[in-house]
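A.B. asks: Protein chains in written order, with my numbering: chain A, 2 to 152; chain B, 2 to 152. C-beta: ideal position from N, C-alpha, C; glycine also. Keep in mind the model is a prediction, meaning the values are calculated, not measured.
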DNA sequence: ATCCATGCAAATGTTTTGCACAGCT
DNA sequence: AGCTGTGCAAAACATTTGCATGGAT
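1) If you measure between the beta carbons of residue 68/B and residue 85/B, is that distance less than 9 Å?
2) Mind checking which residues open and close the beta strand (DSSP E) that includes residue 129/A?
3) Closer than 9 Å, CB to CB, is residue 127/A near chain B or not?
4) Quick check on DSSP: helix, strand or coil for residue 55/B?
5) Can you list, in chain order, the residues of the stretch 59-89 of chain A whose Cβ is nearer than 7 Å to any Cβ on chain B?
6) Quick check on the burial criterion: 16 or more other C-beta atoms within 10 angstroms. Buried or exposed for residue 31/B?
7) Name, please, each residue of chain B whose Cβ falls closer than 8 Å to the Cβ of residue 121/A.
8) In this structure, how does DSSP classify residue 60/A when only helix, strand and coil are distinguished?
9) Evaluate the contact criterion for the stretch 118-135 of chain B versus the stretch 136-147 of chain A: three or more CB pairs, one atom per stretch, below 8 Å.
10) Based on Cα-Cα distance, which residue from 40/B, 113/B, 141/B and 38/B lies nearest to residue 130/A?
11) Count the other CB atoms within 10 Å of the CB of residue 59/B; is the residue buried (16 or more) or exposed (fewer)?
12) Report the residue from 79/B, 5/B and 25/B whose alpha carbon sits nearest the alpha carbon of residue 40/B.
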């Protein structure tokens with residue numbers, strides 16, 4: 002649960018101007034639970050329907066879209082399905098062409114480097130919302146974790 | 002056309018270990034023509050079928066997949082369809098949430114900055130193939146170009 | 001009470017697949 | 001001949017839509 006209560010969730014939903022319906026709350030909750038999986042609408046629906054048999058797949062689609070629209074959630078690069086990610090601290094993604102996994106890559110130093118770079122840039126006719134780094138490659142051993150160290 | 006002849010294309014296809022069939026050649030050619038549009042399989046098919054009525058959509062799908070597999074072409078973040086991009090010099094993408102456009106962002110200084118950053122990183126169990134920067138935001142005026150200047 | 005969100009199911013859009021045939025070596 | 005790639009059409013999969021009903025403020 003990671004310390005995010007329903008009250009918190011309700012507040013976050015209301016904060017972006019959406020009504021805090023039960024469906025929106027449990028879908029957001031589900032996104033938090035499935036955070037590491039960068040789930041599809043279908044996956045959110047599957048996780049939800051045991052505890053909430055009434056929920057409809059169409060609603061999950063519509064709700065995820067409205068979350069993205071409201072900037073509560075982001076879409077991520079994926080293998081032909083729409084995948085979603087709760088909007089936490091800035092981070093990049095590692096995409097493994099071998100296992101098709103999308104793995105979060107959180108690296109404040111890199112985020113700062115890139116953010117600073119863009120601070121000195123002036124965009125005309127463009128409202129910059131977000132910069133993120135995509136890392137593409139493949140795991141040598143699909144069953145092992147990736148680890149990273151500075152030289 | 003940009004100075005890439007069929008002989009060049011043939012060579013690039015053979016270089017990655019694929020047979021240079023006519024379909025592969027014209028699909029690759031089409032990707033070069035449509036480069037700015039980051040086309041879907043369907044869009045490639047549409048562009049092709051006038052000049053080559055025999056070509057099949059299924060073949061376009063299969064061929065694009067094999068190009069990606071062979072690292073001749075990249076997939077790009079998109080609005081729920083698979084979009085493709087010929088593998089030219091390193092560049093990022095600007096995604097406009099307003100118009101859903103994907104616009105190339107070529108910035109050698111940024112590419113160097115990021116590449117250098119990752120040179121000093123040591124990945125274990127991961128073969129890094131590519132790092133790219135995604136910029137997300139929205140055009141103020143959908144009909145105008147974005148321009149960028151350093152401060 | 002009003003308005004917007006939801007559930008349902010049908011429609012649409014996208015991608016994958018299997019198989020028979022064609023083309024290259 | 002033997003391989004692999006292609007075309008076709010069906011199947012599978014993913015997303016969107018319209019509308020009647022339900023729920024939040």
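C.D. replies: A quick look at the data gives this:
1) If you number the second chain from 1, residue 68/B lands on position 67. If you number the second chain from 1, residue 85/B lands on position 84. In this structure, residue 85/B lies closer than 9 Å to residue 68/B by Cβ.
2) The count along the first chain starts at 1 and reaches residue 129/A at position 128. Going by DSSP, residue 129/A is part of the beta strand (DSSP E) stretching over 127-140.
3) Start at 1 with the first residue of the first chain, and residue 127/A comes out as number 126. Closer than 9 Å to some Cβ of chain B, the Cβ of residue 127/A qualifies, so yes.
4) Position 54 of the second chain, counted from the start, is the residue given in the question as residue 55/B. The answer is coil: DSSP assigns residue 55/B none of H, G, I, E or B.
5) 78, 81 and 83
6) Along the second chain, one-based indexing puts residue 31/B at 30. Buried, by the Cβ-count rule.
7) The sequence position of residue 121/A within the first chain is 120, counting from 1. Neighbours of residue 121/A on chain B, chain order: 151 and 152.
8) Counted from its first residue, the first chain places residue 60/A at position 59. For residue 60/A, the three-state secondary structure derived from DSSP is helix.
9) yes
10) Residue mapping note: residue 130/A aligns to position 129 of the first chain, counting from 1. With distances taken between Cα atoms, residue 130/A lies closest to 141/B.
11) Reading the second chain from its first residue, position 58 is the one you call residue 59/B. It is exposed - the Cβ of residue 59/B has fewer than 16 other Cβ atoms within 10 Å.
12) As a position in the second chain, residue 40/B is number 39, starting the count at 1. Comparing Cα positions, the closest option is 79/B.
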